[in-house]
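The structure appears below as C-alpha cells.
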Amino acid sequence: MANWKLAKKSKQFIELMRTPSSLFANYFLLQVIVIVIYLGSRERDGYEPPLSNGMYLGSIAIATLILTINLLLLNNNSNLDKKDYVYVFSFSFPIIILYLAMFANHDFESMQSLTLLFILIAPLIIWKSNIDKNQIEKIKKIVLYFSITNTLFAILQILKVIPVAQLNIREGVSGIGDRPTGILFNAFAMSYASLICFAIGLNMITNNKNRKNLGWILTISSGLSLILSGTRTSLWLGFLICIVTFVCNKRKISTLIINSIPAFLIIIGAGAPIILLFIGMKNGNGDWATINGRTQMWSCVESKISDYFPFGIGLDDAFPPQYCAESGWFSNLRHPENMFLLALVESGPIGFLSYVWLFMFTLWVSSKAFLKKFELPLMITVIFTLSSLIYVPLFHYLPFLADRPADRGLFNFHFFYLIWIWVLKVNKNSLTNDSQEKIRTKR
Numbered sequence: 000m001a002n003w004k005l006a007k008k009s010k011q012f013i014e015l016m017r018t019p020s021s022l023f024a025n026y027f028l029l030q031v032i033v034i035v036i037y038l039g040s041r042e043r044d045g046y047e048p049p050l051s052n053g054m055y056l057g058s059i060a061i062a063t064l065i066l067t068i069n070l071l072l073l074n075n076n077s078n079l080d081k082k083d084y085v086y087v088f089s090f091s092f093p094i095i096i097l098y099l100a101m102f103a104n105h106d107f108e109s110m111q112s113l114t115l116l117f118i119l120i121a122p123l124i125i126w127k128s129n130i131d132k133n134q135i136e137k138i139k140k141i142v143l144y145f146s147i148t149n150t151l152f153a154i155l156q157i158l159k160v161i162p163v164a165q166l167n168i169r170e171g172v173s174g175i176g177d178r179p180t181g182i183l184f185n186a187f188a189m190s191y192a193s194l195i196c197f198a199i200g201l202n203m204i205t206n207n208k209n210r211k212n213l214g215w216i217l218t219i220s221s222g223l224s225l226i227l228s229g230t231r232t233s234l235w236l237g238f239l240i241c242i243v244t245f246v247c248n249k250r251k252i253s254t255l256i257i258n259s260i261p262a263f264l265i266i267i268g269a270g271a272p273i274i275l276l277f278i279g280m281k282n283g284n285g286d287w288a289t290i291n292g293r294t295q296m297w298s299c300v301e302s303k304i305s306d307y308f309p310f311g312i313g314l315d316d317a318f319p320p321q322y323c324a325e326s327g328w329f330s331n332l333r334h335p336e337n338m339f340l341l342a343l344v345e346s347g348p349i350g351f352l353s354y355v356w357l358f359m360f361t362l363w364v365s366s367k368a369f370l371k372k373f374e375l376p377l378m379i380t381v382i383f384t385l386s387s388l389i390y391v392p393l394f395h396y397l398p399f400l401a402d403r404p405a406d407r408g409l410f411n412f413h414f415f416y417l418i419w420i421w422v423l424k425v426n427k428n429s430l431t432n433d434s435q436e437k438i439r440t441k442r
C-alpha cells in the first residue's frame with residue numbers, strides 16, 4: 000500500500016514537472032537560492048561572510064543540472080510548422096555558431112558545458128511544449144512573485160540590510176550610493192528585468208479584465224524597482240511603453256499613428272543610446288558621447304577586428320583580464336557591453352550576423368503582431384534590443400573559466416530569455432488562432 004502511494008505521488012510529481020510553469024517556478028526559486036548564497040559569500044568591510052565562494056559555485060552547478068532535467072521533462076509533443084522552425088532556428092542559431100567557433104578554436108572543455116546545452120535546446124523544447132491558458136496564468140503569477148521578491152531585495156539593499164551583488168555607485172532616488180541589484184547580479188540586469196515585468200503588468204491591466212488587480216501589483220512593484228535601479232535607458236523606455244500603452248487603449252486613434260508606433264519604439268526606444276551618443280558628441284557631453292565609457296570597449300574590439308576572422312577567438316580566450324583596459328572598471332569585464340560585438344569576438348562575423356538576424360526577425364514579427372493588437376511581444380523585443388546594444392542580456396557567463404570573474408551562468412538573465420521565447424510562442428499561436436477565427440467569421 001505504501002509503495003502504491005509513493006508511486007502515485009511520484010507520478011504526480013513527474014506530471015507537474017512536465018508543465019512549462021514548473022520550469023519557470025523552479026527557475027525563480029533557484030534564482031533566489033543562488034543569489035542568497037552569492038550575497039552570503041561576498042566579503043565586505045568589517046564583515047566575515049558566513050558562506051564560501053565554493054558553495055556558491057556548487058549551487059550554480061546543481062541549480063543548472065536541476066533546470067536542465069526540468070527542461071528535458073517538459074511535455075513537448077506539439078507539432079511544429081515551417082514558421083515554428085524559423086522561430087526556433089533564430090533563437091538557437093547564435094549558440095550553434097558559438098559551438099562551431101569553440102570547436103574551431105579548440106575550446107573542447109567549454110563545449111561540454113551544461114549551461115550552453117540548456118541555452119541551445121531551450122527554444123526548441125519550449126516551442127514544442129503545450130502552453131494553454133491555465134499555464135499562461137500560472138507563468139504570469141510567477142513573474143509577479145519574481146517582481147515582488149526582486150523589489151524587496153532592492154529595498155533591503157538600499158537600506159544596507161543586505162549587500163548588493165555588484166558595486167556600482169551612482170546618484171539615484173536614494174542619494175549617492177551602490178545601485179541595488181535585487182535578485183539579479185547587477186543593476187543593469189535588475190533594471191531590464193523590472194522593465195519586462197512592468198510591460199507584462201501593463202499588458203495584464205489593459206488586456207485581462209479578470210487579472211487587473213494582479214496586473215496593478217506587478218506594475219507597481221516592478222515600477223518601483225525600475226526607479227530604484229537608477230538606469231536611465233530603462234527608465235526612458237519604460238516611459239515610452241507607458242505612452243504607447245495609453246495611446247493604444249484610446250477609443251479613437253488614427254491608423255497612421257498605430258502603424259508608426261513600432262518604428263517609434265524601435266528608433267526612439269531601442270535606439271536611444273545611439274541617439275544620445277551623437278547628441279553627446281555634438282554638445283560635448285562626455286558621458287553621453289561615450290555612453291558612460293562603453294565606446295572604449297567598442298573601439299577596443301574594432302581595433303582587434305582582424306583577429307576575429309573567420310571564427311572569432313573562441314570562448315576561452317575572449318576577454319581575459321586587461322583585454323581592453325589596464326586598470327579600472329573595464330579591465331575585468333568579460334564582455335564589451337554589447338551583445339553583437341561579443342558575438343563577433345567569440346564567434347566571428349557569422350556570430351555577429353546571427354544576432355543581427357535574431358533581432359531583425361523578432362522585431363519584424365513583433366511589429367506585425369503589434370498591428371494586430373498584440374502589443375507585448377514588441378515591447379519585450381524592444382527591451383531586449385536596447386539592452387543588447389549597451390549590455391549583454393544573452394551572455395552565457397560560463398562558470399569555471401580560469402581568470403574570469405562573474406561565473407553566474409544561466410542566472411544572469413536567462414529567466415527572462417525564456418519569458419521572451421514564451422511570449423513570442425504564445426503570440427505566434429494567438430496570431431494563428433486569430434487569423435483562423437477571421438476566416439471562420441468570413442465564411
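Residue numbers for the sequence shown follow numbering that gives the first Met the number 0, beginning at 0 and rising by one.
Using N, Cα and C, we set each Cβ at its ideal position, and we do this for glycine too.
Reduced DSSP secondary structure (H/G/I, E/B, other) of residue i
i, result
"D83", "helix"
"D286", "helix"
"D306", "helix"
"V160", "coil"
"L255", "helix"
"L451", "In the structure as shown, the chain starts at 0 and stops at 442, and residue 451 therefore has no counterpart that could be examined."
"I95", "helix"
"E301", "helix"
"G39", "helix"
"Y416", "helix"
"R333", "coil"
"Q11", "helix"
"K437", "Unreliable placement is indicated for K437, whose pLDDT of 37 sits below 50; no coordinate value is reported for it."
"E121", "According to the sequence displayed, residue 121 carries Ala and not Glu. Note: A121 maps to helix in three-state DSSP."
"L151", "helix"
"R407", "coil"
"L234", "helix"
"R442", "Unreliable placement is indicated for R442, whose pLDDT of 29 sits below 50; no coordinate value is reported for it."
"Q321", "coil"
"G292", "coil"
"T361", "helix"
"T18", "coil"
Exposure of residue i, with buried meaning 16 or more beta-carbon neighbours within 10 Å
i, result
"A121", "buried"
"I450", "Given a span of 0 to 442 for the chain in the structure shown, any question on residue 450 remains unanswerable."
"D106", "buried"
"G57", "exposed"
"R14", "Arg is not the amino acid found at residue 14; the sequence shown has Glu there. Classification of E14: exposed, given that the 10 Å Cβ count is below 16."
"M359", "exposed"
"Y307", "buried"
"L255", "exposed"
"F12", "exposed"
"L143", "buried"
"K281", "exposed"
"M203", "buried"
"I304", "exposed"
"N337", "buried"
"V33", "buried"
"S455", "Residue 455 cannot be examined here, being either before or after the span of the chain that is shown, 0 to 442."
"R178", "buried"
"S326", "exposed"
Cβ distance (whole Å) where residue i is taken to contact residue j below 8 angstroms
i, j, result
"L362", "T380", "6 angstroms"
"P19", "S128", "5 angstroms"
"L236", "I418", "Not really, about 16 angstroms apart at Cβ, beyond 8 angstroms."
"N207", "G214", "7 angstroms"
"A103", "E345", "The pair is not a contact, with the Cβ atoms about 11 angstroms apart (cut-off 8 angstroms)."
"L223", "L239", "So it is not a contact: roughly 19 angstroms between Cβ atoms."
"L116", "I65", "14 angstroms between Cβ atoms; not a contact."
"I141", "V425", "With a Cβ gap of about 15 angstroms, I141 and V425 do not count as contacting."
"L71", "W126", "That pair is no contact at about 15 angstroms."
Test: residue i CB closer than 8 angstroms to a CB of chain C
i, result
"F245", "Among the protein chains of the structure shown there is no chain C, as only one such chain exists."
Cβ pair residue i, residue j closer than 8 angstroms
i, j, result
"T63", "L343", "no"
"I157", "L234", "no"
"Y416", "F187", "no"
"L375", "V422", "yes"
"P162", "R41", "yes"
"P261", "L377", "yes"
"T180", "A164", "yes"
"G311", "G270", "no"
"I182", "F152", "yes"
"L314", "S109", "yes"
"V31", "T205", "no"
"P398", "T114", "yes"
"F443", "Q295", "Residue 443 is absent from the structure shown; the chain starts at 0 and stops at 442."
"Y86", "K367", "no"
"F145", "N411", "no"
"S21", "N69", "yes"
heavy atom of the ligand NAP below 7 angstroms from residue i C-beta
i, result
"I273", "Because no ligand of any kind appears in the structure shown, any question about the ligand NAP cannot be addressed here."
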